[in-house]
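Chemist: Residues in the sequence shown are numbered consecutively from 593, following my numbering.
Backbone N, C-alpha and C define an ideal beta-carbon position, used for all residues, glycine too.
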Amino acid sequence: MTTPIRVTVWGENRHEQLEPEVAARYPDGMHGAVAQGIEAHLGEGVRVRTATLDDPEHGLTEEVLRDTDVLTWWGHAAHGEVSDEVVERVHRHVLEGMGLIVLHSGHWSKIFMKLMGTTCTLRWRAEHDRELVWTVDPTHPIARGIPHPMIIDEDEMYGEFFDVPAPDETVFLSTFSGGEVFRSGITYRRGYGKIFYFRPGDQEYPTYFHDGVRQVISNAVEWAVTVRPERTTPTLLRYETEDFYRGRGYEGALSAEAEAAAAEAGL
Numbered sequence: 593m594t595t596p597i598r599v600t601v602w603g604e605n606r607h608e609q610l611e612p613e614v615a616a617r618y619p620d621g622m623h624g625a626v627a628q629g630i631e632a633h634l635g636e637g638v639r640v641r642t643a644t645l646d647d648p649e650h651g652l653t654e655e656v657l658r659d660t661d662v663l664t665w666w667g668h669a670a671h672g673e674v675s676d677e678v679v680e681r682v683h684r685h686v687l688e689g690m691g692l693i694v695l696h697s698g699h700w701s702k703i704f705m706k707l708m709g710t711t712c713t714l715r716w717r718a719e720h721d722r723e724l725v726w727t728v729d730p731t732h733p734i735a736r737g738i739p740h741p742m743i744i745d746e747d748e749m750y751g752e753f754f755d756v757p758a759p760d761e762t763v764f765l766s767t768f769s770g771g772e773v774f775r776s777g778i779t780y781r782r783g784y785g786k787i788f789y790f791r792p793g794d795q796e797y798p799t800y801f802h803d804g805v806r807q808v809i810s811n812a813v814e815w816a817v818t819v820r821p822e823r824t825t826p827t828l829l830r831y832e833t834e835d836f837y838r839g840r841g842y843e844g845a846l847s848a849e850a851e852a853a854a855a856e857a858g859l
């Protein structure tokens, strides 16, 4: 029997608490809608939990992250309230092999910006734009079963220039009513972890009930799981000639004699 993929769906959950129209649109929260979509598409193949900003440690304790194969992330109004300690923890787990799916305005989250090393800025407009999501790479597992184009009747516009590093793969490209284009489905690898950024999903629209959007996120969950048998951090090791398997830990850039001299000199 295949072990279910362990998914943690993280949502900021601010708009749902503070804006009645968003609460009415997403009665179980946006994180709840994302979780339900994953469960609907992957069934017994996943075990899904949710976590939010107001949970202790934002619901992302060391224990939770160790028990998470793939983390999805949606944030918007309170990026600055996310603890730097938790960001460091999530960052470490991604490098060790946890998959990460960043949704919509999560492009400006601390964790995505840290992983990208850029401003992650873009152009935007919230005027009920129609979005056409075009499949750029029909052979990619994340594109499986997605119509070309996928039509989202109303959503916020994001446009280029999107200040992120060149993606490892571009899976989807979106076009909008005003003629704008945007790299809306892109992948990265950082350390041993796989990352997928997916654009659709502003709180003003019922995007996470769109079956195609749910299918993309579910496909991405399956894609983002590491094939490595254990979660470890990439490590610098020294290997002697012809010794391919027994690396030694880093012992510093200076020789033992130089280290001793530096210590004696108080350097």
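When you compare only the Cα positions, how much space is there between H650 and E843?
Modeler: Near 37 Å, if we compare the C-alpha coordinates of E843 and H650.
Chemist: From I693 to D835, what does the alpha carbon distance come to, in whole angstroms?
Modeler: Computed Cα separation, rounded: 38 Å.
Chemist: Which ranges does the alpha helix (DSSP H) cover as unbroken runs of at least 4 residues, wholly within the region 655 to 737, from first to last along the chain?
Modeler: The qualifying runs are 676 to 688 and 702 to 708.
Chemist: Taking the alpha helix (DSSP H) that R806 belongs to, which residues open and close that run?
Modeler: Residues D803 to A816.
Chemist: By the 10 Å Cβ neighbour count, where 16 or more other Cβ atoms means buried, how is G737 classified, buried or exposed?
Modeler: Exposed is the call here.
Chemist: Quick check: the Cα distance between H633 and A625, rounded to an integer number of angstroms?
Modeler: Spanning the two alpha carbons is a distance of roughly 12 Å.
Chemist: Can we say the region 724 to 740 touches the region 805 to 815, given the rule of at least three CB pairs closer than 8 Å?
Modeler: A contact exists between the region 724 to 740 and the region 805 to 815.
Chemist: Taking the C-alpha atoms as reference points, what is the distance between R840 and M690?
Modeler: About 25 Å.
Chemist: Which one of H623, K786 and D794 has the shortest CA to CA distance from V819?
Modeler: Ranking the options by Cα distance to V819, first place goes to K786.
Chemist: Within the continuous beta strand (DSSP E) that includes E748, where are the two ends?
Modeler: Counting along the chain, the beta strand (DSSP E) containing E748 begins and ends at M742 to G751.
Chemist: Apart from the five residues on each side of it in sequence, which residues of its chain come closer than 6 Å, Cβ to Cβ, to Y789?
Modeler: These residues qualify, in order along the chain: V694 and I778.
Chemist: Going along the chain, which residues of its own chain have a beta-carbon closer than 8 Å to the beta-carbon of T594, five neighbours each way excluded?
Modeler: G637, listed in sequence order.
Chemist: For E832, which three-state DSSP category applies?
Modeler: In this structure, E832 counts as coil in the three-state DSSP scheme.
Chemist: Exposed or buried, which one is G621 when buried takes at least 16 other CB atoms within 10 Å?
Modeler: It counts as buried.
Chemist: Let me know the secondary structure DSSP gives T799 once reduced to three states.
Modeler: Looking at T799 - three-state DSSP - the assignment turns out to be helix.
Chemist: Please classify Y618 as buried or exposed, where buried requires at least 16 other C-beta atoms within 10 Å of its C-beta.
Modeler: So Y618 ends up on the buried side.
Chemist: What are the boundary residues of the alpha helix (DSSP H) that includes L634?
Modeler: First-last of the alpha helix (DSSP H) with L634: G621 to L634.
Chemist: Check whether the Cβ atoms of E772 and D747 lie closer than 8 Å to each other.
Modeler: No, the pair does not count as a contact, with Cβ atoms beyond the cut-off.
Chemist: Roughly how many angstroms lie between the CA atoms of W700 and C712, to the nearest whole one?
Modeler: The alpha-carbon atoms of W700 and C712 are separated by roughly 6 Å.
Chemist: Around the Cβ of I743, are there at least 16 other Cβ atoms within 10 angstroms (buried) or fewer (exposed)?
Modeler: Under this definition I743 is an exposed residue.
Chemist: Relative to the C-alpha of H607, which residue among L663, W665 and A669 is closest?
Modeler: When only C-alpha atoms are compared, the closest one is A669.
Chemist: In whole angstroms, give me the CA-to-CA distance for T653 and T824.
Modeler: Answer to the nearest angstrom: the Cα atoms are 18 Å apart.
Chemist: Do F768 and R791 count as a contact pair if the criterion is CB distance below 8 Å?
Modeler: No, the pair does not count as a contact, with Cβ atoms beyond the cut-off.
Chemist: Assuming the contact rule is C-beta atoms closer than 8 Å, D794 and H696 should be a hit. Round their C-beta distance to whole Å, please.
Modeler: Confirmed, Cβ separation roughly 6 Å.
Chemist: Is it a yes or a no for the region 660 to 669 touching the region 595 to 606, going by three-plus beta-carbon pairs under 8 Å?
Modeler: Contact between the region 660 to 669 and the region 595 to 606 is present, because at least three Cβ pairs lie under 8 Å.
Chemist: Starting from L578 and walking both ways along the beta strand (DSSP E), at which residues does that stretch end?
Modeler: With the chain covering 593 to 859 only, the question about residue 578 has no answer from this structure.
Chemist: In terms of residues, what are the limits of the beta strand (DSSP E) holding A643?
Modeler: Unbroken beta strand (DSSP E) run through A643: V638 to T644.
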